[in-house]
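Structure record follows, encoded as structure tokens.
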Amino acid sequence: MSLYVMKFGGSSVGDTERMKRVAKRIADKQDEGHRCVVVVSAMGDTTDDLIDQAKLLSSELPAREMDMLMTTGEQISIALLTIALSGIGREAVSYTGWQAGFRTDETHGRARINEIVPRRVLEALEKDKIVIVAGFQGMTMDGEITTLGRGGSDTTAVALAAAIKADVCEIYTDVDGVYSTDPRIVKNARKLKEISYDEMLELANLGAAVLHPRAVEYAKRYQVKLVVRSSFNYNEGTVVKEEASMEQGVAVSGIAYDKSVARISISGVADVPGVLAQVFGKLADEGINVDIIVQSGVQNGEADFSFTVSLDEMEKAKEVIRQIRQELPYREVTSEDNLVKISIVGAGMVSHPGVAAQMFDVISSLGISIKMVSTSEIKVSCVVESGKLLEIIQALHTAYGLDTDQQVFVGGPQERR
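Residue numbers (the working numbering): 864 to 1280.
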């Protein structure tokens, strides 16, 4: 009997009717002769609703109490899903993250998993029970409840699959696989039969929302076979694995975008050793993640440089820069927030010269100036103004031969098997 970990997101369990469909899906898997461990998120917009309620009560949201609050969403889901399975004659048991053995560090809101002791999960499986586990949560060694951050249910599923040595970890969502770009934007996007961990990690980090980056990191580290598929139909999904076969002639596998981008520019900084280390060291101390960095030429012993941060950290980053002006004099600091980062990803780029040049040509042909560029062996990212995002993505998708005649599936009613 194969051991499957099945993860269902909030849209898949958004109401009781969807909950029933998920229960039927799990029962079908069990009827095929598989043992099942199921990880679920909070129903629909539950997490956002809880946050909104907290904001109505106070402008200060204590991290510990927010973890106490937000973990209740997943606990509702696991109890209801277990009840739904019981209603169709299946023996199931639900566990919170800490009952399932997730031990984390003490960082409320974005905790890291230190270890998993899945004793109760394995004992329930030995009794032929379906095990339902709350995603997104764990507990410290001191008994404090923690959450893993947004997208943490993906991480829960993959980490648990590694801990119990599952044969497959299936991530169910409202699309039936990983597409060459966001299928909500490009209706003729190409569904990928398979994709490598490295390509998927790049796409996830660059804005593709189908999988959380930390989940892909876990999958790569522990060689967990991942399958992304829809909870609304039985179509074949996309397999994420160590090495994926490249389609003949296709250098680019996917196109991602990130609308949460801000650029900060510092001008008139003395061109002396250690300047960049000083600036970015201070930003790192404040937990601000810097993405693309560009330094311009030196004139009169002074240099200018720019870098990008997440839009929601722009003001915090500017304040850090202002605070170090006494020890690091500069002429001025400016920022832009009407930006988007568009990226192409593909393992085939290494052996296909001219891929980056083609991207630049497509963007310039639309009358758009490129503000910043970042590259690696398997990706090229460009920061541009956000006004023509959809046009750029569609033009790049066509230019790299990714258009298909297939009808993209996004959400919808469950098909009969």
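The beta carbon of each residue, even a glycine, is placed where N, CA and C say it ideally should be.
Subject >> CA-to-CA distance, L1089 to V1049, given in whole angstroms >> reply: Roughly 24 angstroms between the two C-alpha positions.
**OP:** Return the first residue and the last residue of the alpha helix (DSSP H) that L924 is part of.
**Re:** No alpha helix (DSSP H) holds L924; DSSP gives it neither H nor E.
Original post:
Where does R898 sit, in a helix, a strand or coil, going by DSSP?
Top reply: strand
**OP:** Could you name the residues of the same chain whose beta carbon sits closer than 6 angstroms to that of G1131, not counting the 5 residues immediately before and after it, in chain order?
**Re:** E1165, Y1193 and R1194
Original post:
Exposed or buried, which one is E1182 when buried takes at least 16 other CB atoms within 10 Å?
Top reply: exposed
**OP:** Report all residues from its chain with a CB closer than 7 angstroms to the CB of E1199; omit the five preceding and five following residues, and keep chain order.
**Re:** A1125 and R1126
Subject >> Test item: CB-CB of T1010 and F999 under 7 angstroms >> reply: In this structure, T1010 sits near F999, with a CB-CB distance shorter than 7 angstroms.
Original post:
Across which residues does DSSP place F1170 in a beta bridge pair?
Top reply: I1127 and I1156
Original post:
Exposed or buried, which one is E1057 when buried takes at least 16 other CB atoms within 10 Å?
Top reply: buried
Original post:
With distances taken between CB atoms, is the gap from Y1085 to A1025 smaller than 7 angstroms?
Top reply: yes
Original post:
According to DSSP, is N1068 helix, strand or coil?
Top reply: In this structure, N1068 counts as helix in the three-state DSSP scheme.
Subject >> Any 3 or more C-beta pairs closer than 8 angstroms across the region 903 to 918 and the region 931 to 938 >> reply: yes
**OP:** For A1052, name the three-state secondary structure that DSSP assigns.
**Re:** coil
Subject >> Closer than 6 angstroms: L913 CB and nearest the ligand NAP heavy atom >> reply: You won't find the ligand NAP in this model; it holds no ligand whatsoever.
Original post:
How close, in whole Å, do the beta carbons of D1017 and A1078 come, if the pair is a contact with beta carbons under 8 angstroms?
Top reply: Confirmed, about 4 angstroms.
Subject >> CB contact flag (T1044, H1215, <7 angstroms) >> reply: no
Original post:
Mind checking whether V1153 and V1172 have CB atoms under 7 angstroms apart?
Top reply: yes
Subject >> Paired residues, beta bridge with M869 - DSSP >> reply: Bridge partners of M869: V901 and E1033.
Subject >> Run of the beta strand (DSSP E) containing L1089, from where it starts to where it stops >> reply: For L1089, the uninterrupted beta strand (DSSP E) segment begins and ends at L1089 to S1093.
**OP:** Kindly list the residues whose CB is nearer than 8 angstroms to the CB of R953, restricted to its own chain and excluding five residues on each side of it in sequence; keep chain order.
**Re:** Closer than 8 angstroms at the Cβ level, and outside the excluded window around R953, lie A886, I889, A890, Q893 and I993.
**OP:** Please report how far the alpha carbon of I1091 lies from the alpha carbon of V900, in whole angstroms.
**Re:** It should be pointed out that residue 1091 corresponds to Val in this sequence rather than to Ile. So the two alpha carbons sit approximately 16 angstroms from each other.
Original post:
Do you know how far the Cα of A1258 is from the Cα of Q1189?
Top reply: 47 angstroms
**OP:** With DSSP as the reference, label I1058 as helix, strand or coil.
**Re:** strand
**OP:** Please say whether Y1035 and S1289 have beta carbons closer to each other than 7 angstroms?
**Re:** Residue 1289 is absent from the structure shown; the chain starts at 864 and stops at 1280.
Original post:
Can you tell me where the beta strand (DSSP E) with F965 in it begins and where it stops?
Top reply: F965 to T967
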